[in-house]
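Novice:
Numbering (the UniProt record's numbering), first residue to last: 1 to 410.
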C-alpha cells in the first residue's frame with residue numbers, strides 16, 4: 001500500500017585534567033616521577049584514541065547503513081507523524097518534532113525510515129562537523145580557517161546523517177570535550193566533537209526523550225534553535241555549527257516533558273494505536289514479509305520511495321518562493337491569541353509550516369486549508385494545561401481555527 005503522502009492535494013573532558021596527585025607528589029621525588037609518567041601516558045592515550053576512534057565510528061556507520069530500513073512509503077497510517085517529519089525536512093527551521101504515542105506504534109521505525117529518502121549532501125572530506133564547502137555558516141573551525149586562507153577544500157558526498165542519542169549520554173558526550181592538559185602544555189585546542197557535531201546538517205533522534213535529563217534536552221534545543229554549539233572549559237571556548245532536525249519520541253505513560261521544554265519543539269504529533277482489524281492484519285503481514293526478505297520487500301517500494309524523495313527535494317527548492325497573504329498571517333496570530341498561547345513561537349512555527357506544506361503541494365501561495373492541516377501540529381502542545389478541561393487540546397485548536405477563519409463544520 002502506498003502512503004497517502006504521495007497523493008497531492010489532500011570521556012574525556014578537560015577534567016581528565018586533572019586528576020592531579022596533589023599533596024603526595026610534592027614531597028616525594030619518586031612519586032612525582034610516577035605521577036609525571038602517568039600524565040604522559042594519559043596524553044598518549046588521548047592521542048591514540050583520537051586517531052583510533054574514527055575507524056571504529058566508520059565501521060559503526062557502515063554497519064548501520066548495511067541494515068535494511070523499513071520503507072517510509074510502506075508504513076500504513078500514521079499520516080500526522082509522517083507529515084510532520086516531511087515538513088521538517090523541507091524547512092528545518094520549523095524546529096523539529098516531538099512524537100508522543102502508545103508503545104509499539106512505529107514511532108522509531110518511521111523516524112529511521114525518513115533517512116532513506118533524504119538526499120546526499122556535499123561535505124568537506126575528513127571533517128568531523130560535516131562542514132559545507134561553500135556555506136560559511138555550516139563550516140567547522142578548521143574548515144573556516146582553510147577557507148579564509150584560500151586553501152583548496154577536498155569535497156565529497158555523504159548521506160544525510162542520523163544520530164541516535166542514548167538516554168545514558170553525558171553532557172560531554174553530547175556537546176564535545178576539550179583536553180585542558182594538552183591546551184595548557186601544547187597550546188592546542190584539543191577538541192573531541194560530540195554528538196551535536198556529528199548531527200550537523202542531519203537528524204538527531206532521541207527515543208524516550210521524556211526520560212532524558214532536562215538539562216540535556218535544554219542543551220539540544222538551544223543548539224537546534226541557534227544552529228551553533230559552544231563548549232567552554234576552564235576559560236577555553238570552541239564553537240561549531242550544529243544545525244540539525246531534532247526529533248524526539250516517547251510514551252506519555254512514562255512521563256511528560258516540562259511545558260517550557262515542550263514549547264521548544266516546533267511540532268507535536270500524537271500517535272494512536274490502529275483499531276481497524278483489517279489494517280492491523282495488513283501491518284502485521286507487511287512487517288513479517290519485511291523481516292523474512294527485507295531486500296525483496298524494499299525493492300517493491302523503489303518507485304514510491306523515489307517519488308517522495310524527488311517531491312521533498314522539489315519542495316525544498318520551491319520553499320523560498322512561497323508567500324503568505326497578510327490576511328492569513330493576521331488570522332494565524334488571532335488564533336494563537338484566542339488560544340492563550342504564550343510567546344510568539346506558535347505564530348512563527350505555524351507560518352513556517354504553512355509555507356512548507358504549500359511547497360510540498362507544489363504551490364507558491366499559502367491557503368486557509370494549508371493552515372488547517374498544520375495548526376494542530378504546531379499549537380496543541382503550547383496550550384496551558386487545565387486539569388478541569390474536558391476537550392482535547394487538538395480538538396480545541398481545530399475549533400478555534402474554524403471559528404477564526406470562518407469555516408463551517410460539515
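Note that CB positions come from ideal geometry on N, CA and C, so glycine has one too.
Let me make sure I understand the geometry here. Which of 404, 367, 153, 100 has the alpha-carbon closest to that of residue 125?
Specialist: Your numbering for residue 125 matches position 125 in the chain shown. Closest by alpha carbon: 153.
Novice: By the 10 Å Cβ neighbour count, where 16 or more other Cβ atoms means buried, how is residue 344 classified, buried or exposed?
Specialist: If you number the chain shown from 1, residue 344 lands on position 344. Its Cβ having fewer than 16 others within 10 Å, residue 344 is exposed.
Novice: Which residues mark the beginning and the end of the beta strand (DSSP E) in which residue 215 is found?
Specialist: On the chain shown, residue 215 is found 215 positions in, with the first residue counted as 1. Note, residue 215: premise wrong, no beta strand (DSSP E); alpha helix (DSSP H) at 214-226.
Novice: When the Cα of residue 98 is compared with those of 90, 84, 109, which residue comes out closest?
Specialist: Position 98 of the chain shown, counted from the first residue, corresponds to residue 98. It is 84 whose Cα lies nearest to the Cα of residue 98.
Novice: Going along the chain, which unbroken runs of the alpha helix (DSSP H) with 4 or more residues stay wholly within the stretch 270-330?
Specialist: 277-292, 294-299, 302-318
Novice: Measuring alpha carbon to alpha carbon, tell me which of 88, 74, 261, 194 ends up nearest residue 360.
Specialist: Here residue 360 corresponds to residue number 360 of the chain shown, with the count starting at 1. Ranked by Cα distance from residue 360, the options 88, 74, 261, 194 are led by 88.
Novice: Taking the alpha helix (DSSP H) that residue 110 falls in, what are its first and last residues?
Specialist: Position 110 of the chain shown holds residue 110. Where residue 110 is concerned, the enclosing alpha helix (DSSP H) stretches over 107-114.
Novice: Taking the C-alpha atoms as reference points, what is the distance between residue 273 and residue 185?
Specialist: Translated into the one-based positions of the chain shown, residue 273 becomes position 273. Translated into the one-based positions of the chain shown, residue 185 becomes position 185. Approximately 58 angstroms, taken between the alpha carbons.
Novice: Let me know if residue 74 comes out buried or exposed under the rule of 16 or more other beta-carbons within 10 Å of its beta-carbon.
Specialist: Residue 74 sits at position 74 when you count from the first residue of the chain shown. Label assigned to residue 74: buried.
Novice: Do you know whose CA, among 179, 224, 358, lies nearest residue 238's CA?
Specialist: The residue labelled residue 238 in the question sits at position 238 within the chain shown. Comparing Cα-Cα distances from residue 238 to each of 179, 224, 358, the minimum goes to 179.
Novice: Taking 8 angstroms as the cut-off, decide whether the C-beta atoms of residue 339 and residue 383 are in contact.
Specialist: Taking the first residue of the chain shown as position 1, residue 339 is located at position 339. Taking the first residue of the chain shown as position 1, residue 383 is located at position 383. Cβ atoms of residue 339 and residue 383: closer than 8 angstroms.
Novice: Count the other C-beta atoms from every protein chain shown that fall within 10 angstroms of the C-beta of residue 330, then say buried if there are 16 or more, exposed otherwise.
Specialist: Taking the chain shown and counting its residues from 1, the one referred to as residue 330 is at position 330. Exposed: under 16 other Cβ atoms inside 10 Å.
Novice: Excluding the 5 residues flanking residue 353 on each side, which residues of the same chain have their C-beta closer than 6 angstroms to its C-beta?
Specialist: Counting from 1 along the chain shown, the entry for residue 353 is found at position 353. Cβ neighbours of residue 353 within its own chain (closer than 6 angstroms, five residues either side excluded): 87, 94, 374, 378.
Novice: In whole angstroms, give me the CA-to-CA distance for residue 90 and residue 181.
Specialist: Here the question's residue 90 lines up with position 90 in the chain shown. Here the question's residue 181 lines up with position 181 in the chain shown. C-alpha separation (whole angstroms): 43 angstroms.
Novice: On the three-state DSSP scale, how would you describe residue 385?
Specialist: By 1-based counting over the chain shown, the position of residue 385 is 385. Looking at residue 385 - three-state DSSP - the assignment turns out to be coil, as it is neither helix nor strand.
Novice: Return the first residue and the last residue of the alpha helix (DSSP H) that residue 377 is part of.
Specialist: As a position in the chain shown, residue 377 is number 377, starting the count at 1. Per DSSP, residue 377 belongs to the alpha helix (DSSP H) from 368-379.
Novice: Mapping the DSSP letters down to three states, classify residue 267 as helix, strand or coil.
Specialist: Walking along the chain shown from the start, residue 267 turns up at place 267. In this structure, residue 267 counts as strand in the three-state DSSP scheme.
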